[in-house]
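Protein chains: 2
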Amino acid sequence: MPHLLDTAAAGFDQQFRSLLSAKREDAEDVGAAVDNIIADVRDRGDAALIELTARYDGLDVTPQTLRIPPEEIAAAAATVSADDRAALTLAASRVRAYHARQMPRDESFTDPEGATLGWRWTPVDAAGLYVPGGQASYPSSVLMNAVPARVAGVGRLVVCVPAPGGQLNPLVLAACQIAGVDEVYRIGGAQAIAALAYGTATVPAVDKITGPGNAYVAAAKARVFGRVGIDMIAGPSEVVIIADGTANPEWLALDLLAQAEHDADAQSILLTPDAEFARSVAAEVDRLLPGLPRAAIAGASWRDHGAIVVTRDLAEAAELSNRLAPEHLEICTDDPDAVAARIRHAGAIFLGGWTPEAAGDYVSGPNHVLPTARSARFSSGLSVMDFLKRTTISRLTPAALAAIGPAAVRLAEAEGLGAHARSVAARIAQHAGQGARS
Amino acid sequence: MPHLLDTAAAGFDQQFRSLLSAKREDAEDVGAAVDNIIADVRDRGDAALIELTARYDGLDVTPQTLRIPPEEIAAAAATVSADDRAALTLAASRVRAYHARQMPRDESFTDPEGATLGWRWTPVDAAGLYVPGGQASYPSSVLMNAVPARVAGVGRLVVCVPAPGGQLNPLVLAACQIAGVDEVYRIGGAQAIAALAYGTATVPAVDKITGPGNAYVAAAKARVFGRVGIDMIAGPSEVVIIADGTANPEWLALDLLAQAEHDADAQSILLTPDAEFARSVAAEVDRLLPGLPRAAIAGASWRDHGAIVVTRDLAEAAELSNRLAPEHLEICTDDPDAVAARIRHAGAIFLGGWTPEAAGDYVSGPNHVLPTARSARFSSGLSVMDFLKRTTISRLTPAALAAIGPAAVRLAEAEGLGAHARSVAARIAQHAGQGARS
Chain A
1 MPHLLDTAAA GFDQQFRSLL SAKREDAEDV GAAVDNIIAD VRDRGDAALI ELTARYDGLD
61 VTPQTLRIPP EEIAAAAATV SADDRAALTL AASRVRAYHA RQMPRDESFT DPEGATLGWR
121 WTPVDAAGLY VPGGQASYPS SVLMNAVPAR VAGVGRLVVC VPAPGGQLNP LVLAACQIAG
181 VDEVYRIGGA QAIAALAYGT ATVPAVDKIT GPGNAYVAAA KARVFGRVGI DMIAGPSEVV
241 IIADGTANPE WLALDLLAQA EHDADAQSIL LTPDAEFARS VAAEVDRLLP GLPRAAIAGA
301 SWRDHGAIVV TRDLAEAAEL SNRLAPEHLE ICTDDPDAVA ARIRHAGAIF LGGWTPEAAG
361 DYVSGPNHVL PTARSARFSS GLSVMDFLKR TTISRLTPAA LAAIGPAAVR LAEAEGLGAH
421 ARSVAARIAQ HAGQGARS
Chain B
1 MPHLLDTAAA GFDQQFRSLL SAKREDAEDV GAAVDNIIAD VRDRGDAALI ELTARYDGLD
61 VTPQTLRIPP EEIAAAAATV SADDRAALTL AASRVRAYHA RQMPRDESFT DPEGATLGWR
121 WTPVDAAGLY VPGGQASYPS SVLMNAVPAR VAGVGRLVVC VPAPGGQLNP LVLAACQIAG
181 VDEVYRIGGA QAIAALAYGT ATVPAVDKIT GPGNAYVAAA KARVFGRVGI DMIAGPSEVV
241 IIADGTANPE WLALDLLAQA EHDADAQSIL LTPDAEFARS VAAEVDRLLP GLPRAAIAGA
301 SWRDHGAIVV TRDLAEAAEL SNRLAPEHLE ICTDDPDAVA ARIRHAGAIF LGGWTPEAAG
361 DYVSGPNHVL PTARSARFSS GLSVMDFLKR TTISRLTPAA LAAIGPAAVR LAEAEGLGAH
421 ARSVAARIAQ HAGQGARS
C-alpha cells in the first residue's frame, strides 16, 4: 500500500476500504489446544497447573510456590530504582483520581403512581488480572487494570503472570504492590485463565477476568466467558492522527512510530488536508525510524499498515476517522475542539499538540485499555464499570399495583402467560376487596 | 430433586450445589449449521436471505418484500384492541421514564497540573433488535429493547422478526410502532443475525444487536460478536424468592409458577426460615398448577428445577441467594430493605408482597432483560448503556506535560518503547527551550 493517499484520487475508496478491513492478526488455530488445557485444569486443578507451567514456562513449581509470597514481591519491588517507583506511583495516583470520578451513583425515586424505583451498583467479589510475561510484561498495564478494580471496590484482586525460566519483571511486581493487588500467582497462558475461571485448590476462582495476552490467552478468555465476565478481546493497537499545517511534523512522526513500535500488526494513520504537511511528516518518519530501538517492528508496521491520507478538508478527515472508529485519535489542529465535535466513534481522543498519546498510555489518568478493530463503534475502554454491576430495584404500593397492574395482566394474557397474569390479578383483587371493606 | 430442602439436613450442601450447577440448557450442536448460514449471507446477501426464509419459515419473499412497509405495520397495529394498545403505551412510557434516568453524564475537569480530562458518551449509529417468532414473540420484549435504544439516541433502529408461513403477531408490530422502530424485516434465525452484522443490499448493517432467540440465534450472536456488539446470551429464566411467614402463600406460589411457565428449563426457588410457611407454599403450588394454561411447561420446570429451601434465618437465605446470583429476586418479608441490604448479586430485586415480578416484566419501568445463570455476579441487565459508548478525552498544556511527562518517559523506557519516550521527550525539550528563551 502506498503511504500517501489522496481522497480526490481515483481508486481512493477502494484503498481506504483495505485499510478498514485489513486482517491484521494471525488466525493461528489455537482452539483445540486451549480446549485441552482448560479441560485439564478443570479436571486436575493444581496438578495440571504444575505440569503445564513446567512444560510451557520451563519452571518447576509446587502448590506451595504457585503463589508468589508477599516477601518475594517486596524484595523484587525493592530492586526498582527510586525514579521508576516514583513514576509508577504518580501514574497510579493519576489513574486512581480519574477513575474515582467514573463511579456511578445509585438512584431511587418514587413516581406519581407510588412505585419506588431505582438501581444499586455493587462490585464483583473477585477479579483476576492477566499480565503477559516476556517483552509485553508492562507495569503500566497492571496499573490500568488493577487501579480501576480497586476503585470499584472489588474485594479480592488477583494477578497471574508467567515466570518463564523463573524470571519476573520487578517493575510488574512493584506495580502490583502500588496498586494493592492481593495475590500474585506465577502462572501464564490458557492455564492461568482456566484457573481463574474454575478455581483450583490453590487458586480460588474469580468472577471477572481482564488483561491482555497472546492468542492462547485470548482464546481461553473467549471460552470461559459466561462462566466469568471478561473485558474484551483486544486486537493490535492503532492510532489515527488528524492534523493541519499548524502541527509539528517531527512530533506527529514520533506519535505514528510510537504506535507502530508496539507490534508489526499495529496501525498508524495520519489524515490531513495539507499535502505539503503530509510530505513533511512522511519525511520525518523516514528520518526517525532507523534510530529507534524497535526499528524493525515499527518499520514493518508502518510499511504494511501505515498510511498518510490527504483529505479535502478537516470535515472529511473527521468523517474518515469515524469510519475507522480508531482506538486512539490525536487531533493536532488549530482548533481541535471543532474537529472533536465531529467525532462519533473513538476509544480515546487526545487534543492538541501537547497531548501525545504516549502520555495517555502512562500518566494522564484515562485508561489505556481501549476498543480496537473498529469496535469503538459499539464499545468503550476499560473503566470502573467493568468491575461493577447494576441491580434494579422496585417496590410497589398496593395503590401503585392497582394503577399499573391491569396493563401487566392484559399484556401477560396477550402473551399467553396465565400465571403471570394471575400473580398480578390476585393481588389487585385483594386490594380491591380491602378497599370495599374499608 | 426433593422440593423441600432444609439447610440443617445432612447432604444439604450437595443438594444446593446441584441447584447451582444444574445444566438447564440443551447443548444442541448448532454451530456448524450456523457457520454455514452466516457464510452464505455474507457471500450472497439478499439471495441467501430469500432462500433461507423460504426453507426455514415457509415464506416466499423478494428483495422488495423483505422489509415490512409502514402501511402493513400500521394496518396490523390497527387490529390491536384499544385496551391492548393502551397497555403497551403505558408500558412504553414507564420504561422510557425509567431508562431516561439512566442516561450518564459527560465529564470534564482540569486538574492542578493543568491537564483537562474527561469523557463523552455517544450512541451507536444503528442497532438491530431480534424478535423471535411463534409462541415466544413477545411485544413486551420489543419495548424492553427498543425503548432504551431510542432513549440512548440511536440513529437507526431495526427489528428482524420471522414470519413463519407469513404470520406476524400484530402486537409485536404495534409495539414496534409505539417504540419508534425505523425498519422492520420479516427475517428470522441465524440469517437475520448475519444480515444485521454484515449487511445486504436490502438490510443495512448495524453496530449492535440485542434481543432473545433460540439456539441458532444465540450461536449466531456469539459468532458475530466483535464485528458488532451484542447484549448477552441469555439462558433460561429464573427467580429466587426470600420470604418469611408474613407473606401470602398463594401469591408466592403464583410467582414461582409464573417463572416456571416460561420454559421447562426455567428455575423457581423459595428460601424461607419458616418451615410451616414453606409447606403452605408447596401446597399452593400443587393446588394452582393444574389450572394454568401452560400447566405442562410449568409442571416440568417445577418438577425438575424448582425447590423450596428452609433456612436457619433470613441472613442464611440472603447468603444462599448470593450464591445463586439470581436473575430475579423477590423479597417478601416483614422488613424487605433489611434483607436487600445483604444482597450482593441479583439482576433485579422486587421488594415486598405488592411487587410481583410479573409487574416488572411489563410495566414497572426497569428492564426485563437480565443476567441469567449466575452471571449477575459480574454483569447487569439491559440499559441505555448497552447503546452508548464512552470516549475518553484529554488535553495537556505545555506545563502539564512538563510536570507529568517525565514519568511517562521513564516508564516508556522501562518498557523498552523508545518512540513512546521520544514523542514525549521531544515536546518537553521544546517547552524547556521556550522557557529558557522567555
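If you read the sequences in order, they're chains A and B. Residue numbers for the first sequence follow UniProt numbering, beginning at 1 and rising by one. Residue numbers for the second sequence follow UniProt numbering, beginning at 1 and rising by one. Quick reminder that beta carbons are idealized off the backbone N, C-alpha and C, glycines included. This structure is a prediction, so every number in the text was calculated from the model and none was measured.
Query, Result
"Strand pairing of Thr391 of chain B, partner residues [DSSP]", "B:Arg120"
"Pair within 8 Å by beta-carbon distance, Leu314 of chain A and Ile242 of chain A", "yes"
"Contact set between Thr397 of chain A and chain B, taken where Cβ atoms lie within less than 7 Å", "Trp354"
"Collapsed DSSP secondary structure at Ala307 of chain A in the structure displayed", "strand"
"Cutoff 8 Å: Val203 of chain A Cβ touching any chain C Cβ", "Within the model displayed, chain C is absent; protein chains A and B are what it includes."
"Leu382 of chain B (DSSP reduced to helix, strand or coil)", "coil"
"Neighbour flag for Ser268 of chain B against chain A, beta carbons, 8 Å", "no"
"Other residues of its chain near Ala429 of chain A: CB distance less than 7 Å, five sequence neighbours each side excluded", "none"
"Ala237 of chain A, buried or exposed, once every other Cβ within 10 Å from all chains shown has been counted against 16", "A small correction: the amino acid at residue 237 of chain A is Ser; Ala does not occupy that position in the sequence shown. Buried: at least 16 other Cβ atoms inside 10 Å."
"For Gly381 of chain A and Asn367 of chain A, believed in contact at Cβ under 8 Å, the rounded distance", "5 Å"
"Neighbourhood of Ile343 of chain B by C-beta distance below 7 Å, restricted to the same chain and skipping five residues each side", "Ala318, Ser321, Asn322, Leu329, Ile349"
"Contacts that Val424 of chain A makes with chain B (C-beta to C-beta distance below 8 Å)", "Pro356, Ala358, Ala359"
"Residue of A:Gly114, A:Gly155, A:Asp106, A:Ala192 minimising C-alpha distance to Val131 of chain A", "A:Ala192"
"Asp26 of chain B at chain A interface by Cβ criterion, 8 Å", "Caution applies to Asp26 of chain B, whose pLDDT of 49 falls short of 50 and renders its modelled position unreliable; the value that the coordinates give is listed next. Not an interface residue."
"Opening and closing residue of the alpha helix (DSSP H) in which Gln259 of chain B lies", "249–260"
"Beta-carbon contacts of Ala197 of chain A that lie in its chain and below 6 Å, excluding the five residues immediately before and after", "Val224, Arg227, Val228"
"Residue 478 of chain B versus Ala307 of chain B: straight-line alpha-carbon distance, rounded", "Since the first residue shown for chain B is 1 and the last is 438, residue 478 of chain B is missing from the structure and cannot be characterised."
"Expected contact under 8 Å - CB spacing of Ala325 of chain B and His345 of chain B to nearest Å", "4 Å"
"C-beta neighbour in chain B for Leu168 of chain A, strict 8 Å", "no"
"Inter-residue spacing [alpha-carbon to alpha-carbon] between Asn169 of chain B and Ala414 of chain A", "10 Å"
"Val172 of chain A in three-state terms, based on DSSP", "helix"
"Reduced DSSP category for Arg342 of chain A - H, G, I as helix; E, B as strand; rest coil", "coil"
"Inter-residue spacing [alpha-carbon to alpha-carbon] between Leu173 of chain A and Gly188 of chain A", "15 Å"
"Test: Phe350 of chain A CB closer than 8 Å to a CB of chain B", "yes"
"Own chain partners of Ser108 of chain A with C-beta closer than 6 Å, once the 5 adjacent residues on each side are dropped", "Gly118"
"For Val158 of chain B, three-class secondary structure by DSSP", "strand"
"Cβ distance (whole Å) where Val80 of chain B is taken to contact Leu171 of chain B below 8 Å", "6 Å"
"Strand pairing of Ile241 of chain A, partner residues [DSSP]", "A:Leu270, A:Glu330"
"Cβ neighbours of Ala97 of chain A in the same chain (closer than 8 Å, five flanking residues each side left out)", "Gly365"
"Arg287 of chain B at chain A interface by Cβ criterion, 8 Å", "no"
"Within the stretch 24–62 of chain B, ranges of the alpha helix (DSSP H) (whole runs, at least 4 residues)", "31–44, 46–57"
"Contact with chain A by Leu157 of chain B, beta-carbon distance below 8 Å", "no"
"Leu411 of chain B burial status per 10 Å Cβ neighbour count (16 or more: buried)", "buried"
"Residue 448 of chain A at chain B interface by Cβ criterion, 8 Å", "Shown here, chain A extends from 1 to 438; a query on residue 448 of chain A therefore has no answer."
"8 Å Cβ cut-off: residues of chain A touching Ser375 of chain B", "Gly226, Gly229"
"Residue closest to Pro406 of chain A, alpha-carbon to alpha-carbon, out of B:Thr272, B:Phe277, B:Arg85", "B:Arg85"
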